[in-house]
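Okay, so here's the structure we're looking at.
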Amino acid sequence: MIASMDLNASPQPEEDEETIELHFEDGSAPERNVRHVEHIESAVEISRREREERRQRLKRERPDVRPTQASHPPIYDQMYQKNYRTYDRNKLPPGWLGCPAFGQEIGCIIPSKVPLGESFNDHIPPGRRYSFKQVIHQQRVLGRKLGLVIDLTNTSRYYSALDWKKEGIKHVKIQCKGRDSVPDNEAVNYFAYEISQFLIRQKHSKKYVLVHCTHGHNRTGFMIVHYLMRTLSISVTQAIKLFADARPPGIYKPDYIDALYIFYHERKPEMVVCPPTPEWKRSSDLDLNGDAVPDEDDDGVTVAPLPENHEIDTLMKNDDVLGDSIPFDQQDAMRQFCYQALKLGIGVRGNSQFPGSHPVSLSRDNLQLLRQRYYYATWKADGTRYMMLITVDGCYLIDRNFNFRRVQMRFPCKGTNEALAEKAHQYTLLDGEMIIDTLPDSQKQERRYLIYDLMAINQVSVVERPFYERWKMLEKEVIEPRNYERQHIYQSRNPYYRYDLEPFRVRRKDFWLLSTVTKLLKEFIPRLSHAADGLIFQGWDDPYVPRTHEGLLKWKYPEMNSVDFLFEMVDDRQQLFLLERGKKKLMEGNRVIF
1 MIASMDLNAS PQPEEDEETI ELHFEDGSAP ERNVRHVEHI ESAVEISRRE
51 REERRQRLKR ERPDVRPTQA SHPPIYDQMY QKNYRTYDRN KLPPGWLGCP
101 AFGQEIGCII PSKVPLGESF NDHIPPGRRY SFKQVIHQQR VLGRKLGLVI
151 DLTNTSRYYS ALDWKKEGIK HVKIQCKGRD SVPDNEAVNY FAYEISQFLI
201 RQKHSKKYVL VHCTHGHNRT GFMIVHYLMR TLSISVTQAI KLFADARPPG
251 IYKPDYIDAL YIFYHERKPE MVVCPPTPEW KRSSDLDLNG DAVPDEDDDG
301 VTVAPLPENH EIDTLMKNDD VLGDSIPFDQ QDAMRQFCYQ ALKLGIGVRG
351 NSQFPGSHPV SLSRDNLQLL RQRYYYATWK ADGTRYMMLI TVDGCYLIDR
401 NFNFRRVQMR FPCKGTNEAL AEKAHQYTLL DGEMIIDTLP DSQKQERRYL
451 IYDLMAINQV SVVERPFYER WKMLEKEVIE PRNYERQHIY QSRNPYYRYD
501 LEPFRVRRKD FWLLSTVTKL LKEFIPRLSH AADGLIFQGW DDPYVPRTHE
551 GLLKWKYPEM NSVDFLFEMV DDRQQLFLLE RGKKKLMEGN RVIF
């Protein structure tokens, strides 16, 4: 049992591991000459003798710490203060000595305080040292073999990463600020991806992941709770408790706990109370004014608190960047899945060509298709094109540059016998467009993702099925389970998940018979709460065709047609401009031939 072991136990120290004290208790240098008399030393004499021995030893080992010649006390004090600052990098983090070394395992994860390198040995009693050697030894005694160490501190002064690598243990550095600044979303994505990939690579042996910040509670707990939320079907409250049980008292900073509930759109129960600061941290974490002292690896930057409703009143635009970036390797793997789901084979690593289906403009040449084949019509929203990949660990918006960004959304699978689904979608690929609705009464803006196609459902490609089947599957497998769960949560006595806090709403886009086109143009589109610039004509029995689809037609209002180039003639001068983001860019050296 972990509780029965001495977490600070370490191998017996070598003779040269004697602790060196840099601070004199009485504030002055000890006497140079102490005459030893054959008698039993008093406690004061023993203390003075040991202090003098340590001072002499430090003088031999570090001649730059003390002047070589005897000097007057004022000069000695100045030199001492100067060199004390020089060796301040080896100052122990406040509360580190009293902080328990590590907690119980959570799956394959072991939360820990930061191991300190040998340069800190002079400040730590031999029996309380916790370096990479002690970490490996103590975990081996418990039958755990480490394969990965994730360092969340905001500094590199605590130890050398090479120590782990020499032992065959991978070391990953994810710098996270402490204080009131929770780890950013990109760091969380990186953390979750590293652990998931580590587990995938393990085929025949079980190895463990050691995760540490300075003390192994707030940043470490924050990251581990995020990982649990993305891999288990549990609530934030349950995930926080799992960590607290393994690493008491758990996360003890209220802003970290609040940030977790906000991120996962969950209501914080009244019964959830942030634990008090541990005694080992509180006793060393106050300055002379009684204020908290930041961790040594903090940069002192404070963060403004979130408003109560967590809403920021800013004007929404179609080109706003949504979601959080993900690691390149994760993005590349998801790109490969998209290529395979769309029957494009294996893409070149790093290929950023967007594989989504593109319509062609309606013209005299393809107008006859509307008479020859069975077409349905829908409005062409003036929004932003996104594909969406839904996985158990999150949803990923895919822009026209084939870049993936994670958004926190909830997409349960279809349940059985009207029961709530216990699983989330895993690799379901959608196509749609993001629009901004302006509500007519309040003029409040809301983002909405209009889904108009389904290409893969839980890792199974459906691109070869006719459009009308994919459109029906979209409603039954994606939209209805989500709406059913949302309704059930709202009607429950204690709703914990808040769909209304998600970054945007979701709905299936409607399609109608061609006979309704006139009504679409004259009645439906004018009443839309978002901009529209034309019509889309979709073949009812078409497969999903990647990239340019000659049978997928678009018609735009004449005044809405985009202009890519502008040719001007002024005073017999001819100039060609490229129109980019509404601005004219002169194309020097180019001309138009008529």
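The opening residue of the sequence shown carries number 1 in the UniProt record's numbering; numbering runs sequentially from there.
A virtual CB, placed ideally from N, CA and C, is assigned to each residue, including glycine.
This one's a predicted model, so the numbers in the text were calculated from it and none came from an experiment.
{"query": "Option nearest S442 by Cα separation, candidates S529, K556, G127 and R547", "result": "S529"}
{"query": "Assigned exposure category for P558 - 16 Cβ within 10 Å defines buried", "result": "exposed"}
{"query": "Secondary structure of K317, DSSP reduced to three states", "result": "coil"}
{"query": "Assigned exposure category for D453 - 16 Cβ within 10 Å defines buried", "result": "buried"}
{"query": "Cutoff 7 Å; reference P513; Cβ partners in own chain excluding five residues on either side", "result": "What sits at residue 513 in the sequence shown is Leu, not Pro. So the list reads Y376, once near-sequence residues are dropped."}
{"query": "Local conformation of G290 per DSSP, three classes", "result": "Reliability fails at G290, whose pLDDT of 41 lies under 50, so the model's placement of it is uncertain and no value is given."}
{"query": "Unbroken beta strand (DSSP E) run spanning I435, endpoints", "result": "T428 to T438"}
{"query": "Contiguous beta strand (DSSP E) assignments of at least 3 residues, all confined to the stretch 353 to 385", "result": "358 to 361 and 375 to 381"}
{"query": "Which of helix, strand or coil DSSP assigns to F120", "result": "helix"}
{"query": "Reference R385; option with closest CA among I479, H217 and V321", "result": "V321"}
{"query": "M569 - DSSP class collapsed to helix/strand/coil", "result": "strand"}
{"query": "Extent of the continuous beta strand (DSSP E) run through C395", "result": "G394 to I398"}
{"query": "Reduced DSSP secondary structure (H/G/I, E/B, other) of P276", "result": "coil"}
{"query": "Buried versus exposed call for L146 [16 or more other C-beta atoms within 10 Å across all chains shown]", "result": "buried"}
{"query": "Exposure of D365, with buried meaning 16 or more beta-carbon neighbours within 10 Å", "result": "exposed"}
{"query": "Best match in R410, D571 and Q372 for proximity to T428 [C-alpha to C-alpha]", "result": "R410"}
{"query": "Nonlocal neighbours in the same chain, by C-beta distance under 7 Å from M587, ignoring five residues either side", "result": "L576, F577 and L578"}
{"query": "F565 versus G345 - alpha carbon distance", "result": "35 Å"}
{"query": "Alpha-carbon to alpha-carbon, G383 and Y499", "result": "22 Å"}
{"query": "Assigned secondary structure, F337 (DSSP; H/G/I helix, E/B strand, else coil)", "result": "helix"}
{"query": "Length at least 4, wholly inside the UniProt domain \"ATP-dependent DNA ligase family profile\" (440 to 594): the alpha helix (DSSP H) runs in chain order", "result": "467 to 473 and 480 to 491"}
{"query": "Beta-carbon proximity of V463 to M455, cut-off 7 Å", "result": "yes"}
{"query": "Local conformation of A192 per DSSP, three classes", "result": "helix"}
{"query": "Neighbourhood of R89 by C-beta distance below 7 Å, restricted to the same chain and skipping five residues each side", "result": "R157"}
{"query": "Sequence-distant residues of the same chain with beta carbon closer than 6 Å to L148, five excluded per side", "result": "K170, F198 and V209"}
{"query": "Backbone secondary structure at I141 - three-state DSSP", "result": "Note that residue 141 is Val in the sequence shown, not Ile. Helix at V141."}
{"query": "L228 beta carbon less than 7 Å from that of A239", "result": "yes"}
{"query": "At least three beta-carbon pairs within less than 8 Å, the stretch 350 to 362 to the stretch 540 to 554", "result": "yes"}
{"query": "L152 beta carbon less than 7 Å from that of R219", "result": "yes"}
{"query": "Simplified DSSP state of I200, which is helix, strand or coil", "result": "helix"}
{"query": "Run of the alpha helix (DSSP H) containing V236, from where it starts to where it stops", "result": "V236 to A246"}
{"query": "8 Å Cβ shell around E270 - same chain, five flanking residues per side excluded", "result": "none"}
{"query": "Local Cβ density within 10 Å of N189, reported as buried at 16 or more and exposed below that", "result": "buried"}
{"query": "Residue span of the beta strand (DSSP E) that contains G147, given as start and end", "result": "L146 to D151"}
{"query": "Rounded straight-line distance, which links the Cα of R282 to that of C108", "result": "30 Å"}
{"query": "Validate contact between the stretch 487 to 496 and the stretch 333 to 352 using beta carbons, cut 8 Å, 3 pairs", "result": "no"}
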